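The structure appears right after this line, and notes come after that.
Protein chains: 2
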Amino acid sequence: MSDDETLPRLGEIGLTNFAPYLMNRIMGRYNAGFRDEMAALGLTTPKARVLASLAVVDGPVIRDLAVYTVTEQSTLSRALDQLATEGLVRREADPQDSRATRIFITDAGRAAFDSLWPHMVEAERNLFRGIPDKDRRAFVATLQQMLANIRKHEF
Amino acid sequence: MSDDETLPRLGEIGLTNFAPYLMNRIMGRYNAGFRDEMAALGLTTPKARVLASLAVVDGPVIRDLAVYTVTEQSTLSRALDQLATEGLVRREADPQDSRATRIFITDAGRAAFDSLWPHMVEAERNLFRGIPDKDRRAFVATLQQMLANIRKHEF
DNA sequence: CAATGATATTTGCAAATGCATGTAAATCTG
DNA sequence: CAGATTTACATGCATTTGCAAATATCATTG
């Protein structure tokens, strides 16, 4: 990891060989892909991410939810305000730690997510269109390794 | 591609097996990783992306730049206002089409990007830490295929 | 070539975002 | 166990965002 070596310039690599660029661009379009469906449900990206996360881990404290949803704490706090007002999630004081709040999804929240999920799956399938299953599995494995490389939390 | 089949539920797949989730989370942290360095240069994400793109293709029309930078037209328009005011880019009317504006990077803009680039490379290397070169190449190839699958533009 | 429609970019405005800070509760430390 | 730190969450405020509409130019068509 010594770095006397000269860095390649971006112009030489080319944008489309620089993985982070590709990932940003792909995710930009992926996320935009069901913005209409989200809007129809009154959801923004952070709100949708909350519902998606709660579909997997219900009842996390907010700070963990911020990690799952890749959202700023303050943004998340306000997203939760809205979701709670709309009756899609429920805040519940943690009995162990009265600073903490745990978030639970409601039936209405689950229903909202259920109507969004097929679009997410469809978009994901479209992403992998024409990519052999073997490559796809290797790709996901690499993603998991990457997440392990950079995450600052134990999950 | 018939779809009578029942969709797997997200809870069953698990967040960390759903590629888009992993990609969003990884890029969230990657992008946050040099937010400080950007801030020191007075750059936001869209502004940095403009400079990065111009390091590769100088003089694009704005609508193409919006594709490269994965940025809303209106957001880009204002990012360009700032960059131009700061002297990092230059707007120049397209001689063929007087509706269009072409964007060029200035020496100062190049210098700003050059001071950011090492951090981007370092963050990228960190992402791929411990991932064999072979896997890395396969990963990038898959990304390129994915981009081809979803892009709506010819580049 | 006038009229209609498409394209390129900017801008108005309401909403979302994020940083810094506030408040409250838990934890640590001497 | 009092005081100092840290942690959890919410909020004030300035900035950024993005949708929709405005403006200006180009392209097409009858």
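If you read the protein sequences in the order shown, they are chains A and B. Take the first sequence: its position 142, counted from the start at 1, is 142 in the UniProt record's numbering, and no numbers get skipped. Take the second sequence: its position 40, counted from the start at 1, is 40 in the UniProt record's numbering, and no numbers get skipped. Cβ coordinates follow ideal geometry from the N, Cα and C atoms, glycine included. Here the structure is a predicted model, which means the values were calculated and not measured.
Which two residues bound the contiguous beta strand (DSSP E) that contains residue i?
i                     : result
residue 236 (chain B) : Residue 236 (chain B) is absent from the model: chain B starts at 1 and stops at 155.
GLU122 (chain A)      : Note, GLU122 (chain A): premise wrong, no beta strand (DSSP E); alpha helix (DSSP H) at 107-127.
Do residue j and residue i have their beta-carbon atoms positioned less than 8 Å apart in this structure?
i                : j                : result
ALA123 (chain A) : PHE34 (chain A)  : yes
MET146 (chain A) : ILE26 (chain B)  : yes
THR75 (chain A)  : LEU88 (chain A)  : no
GLY14 (chain B)  : VAL56 (chain A)  : yes
PHE139 (chain B) : THR142 (chain A) : yes
SER115 (chain B) : LEU41 (chain B)  : yes
PHE128 (chain A) : ARG136 (chain A) : yes
ALA83 (chain A)  : LYS47 (chain A)  : In the sequence on display, residue 83 (chain A) carries Leu and not Ala. Going by C-beta atoms, LEU83 (chain A) is nearer than 8 Å to LYS47 (chain A).
Hey, out of the options, whose CA is closest to residue i's CA?
i                     : options                               : result
LEU65 (chain B)       : B:GLU86, B:ALA100, B:GLU37            : B:ALA100
THR6 (chain B)        : A:PRO118, A:ALA138, A:GLU72, A:ARG137 : A:PRO118
ALA148 (chain B)      : A:ASP135, A:PHE155, A:GLY130          : A:GLY130
THR69 (chain A)       : A:THR45, A:ARG78, A:ARG90             : A:THR45
GLN144 (chain A)      : B:ASN24, B:GLY42, B:GLY11, B:ALA141   : B:ASN24
ILE103 (chain B)      : B:LEU43, B:ILE62, B:GLU86, B:ARG9     : B:ILE62
ARG9 (chain B)        : A:ARG9, A:GLY11, A:ARG136, A:ALA52    : A:ALA52
THR71 (chain B)       : A:PRO60, A:ALA39, A:ASP81, A:ALA32    : A:ALA32
residue 178 (chain A) : A:LYS152, A:VAL121, A:PHE113          : Residue 178 (chain A) lies beyond the stretch modelled for chain A, which goes from 1 to 155, so this question has no answer here.
ASP58 (chain B)       : B:GLY11, B:LEU22, B:ARG91, B:GLN96    : B:ARG91
residue 156 (chain B) : B:LEU22, B:GLU37, B:GLY11, B:GLU12    : Lying before the first or after the last residue shown, residue 156 (chain B) is absent from chain B, which here runs from 1 to 155.
LYS111 (chain B)      : B:GLU86, B:GLY11, B:ASP94, B:SER77    : Sequence inspection shows Ala at residue 111 (chain B); the Lys mentioned does not correspond to that position. Of B:GLU86, B:GLY11, B:ASP94, B:SER77, the residue nearest in Cα terms is B:GLU86.
ALA67 (chain B)       : A:ARG125, A:ASN126, A:THR16           : Residue 67 (chain B) is actually Val in this sequence, not Ala. The shortest C-alpha separation from VAL67 (chain B) is found at A:THR16.
Does the Cβ of residue i have 16 or more other Cβ atoms within 10 Å, making it buried, or fewer, making it exposed?
i                : result
ARG49 (chain A)  : buried
SER2 (chain B)   : Confidence in SER2 (chain B) is poor, its pLDDT being 48 and thus under 50, which makes the residue's placement unreliable; the coordinate value appears in the next sentence. Answer is exposed; the Cβ neighbour count stays below 16.
ARG29 (chain B)  : buried
PRO20 (chain B)  : buried
ALA79 (chain B)  : buried
ALA39 (chain B)  : exposed
PRO132 (chain A) : exposed
PRO60 (chain A)  : buried
LYS152 (chain A) : exposed
GLY11 (chain B)  : exposed
ASN126 (chain A) : exposed
Identify every residue that forms a DSSP beta bridge with residue i.
i               : result
ALA93 (chain B) : B:THR101
VAL61 (chain B) : B:ARG102
What are the boundary residues of the alpha helix (DSSP H) that includes residue i?
i                : result
VAL140 (chain A) : 133-150
PRO20 (chain A)  : 19-33
THR75 (chain A)  : 73-85
LEU10 (chain B)  : 10-13
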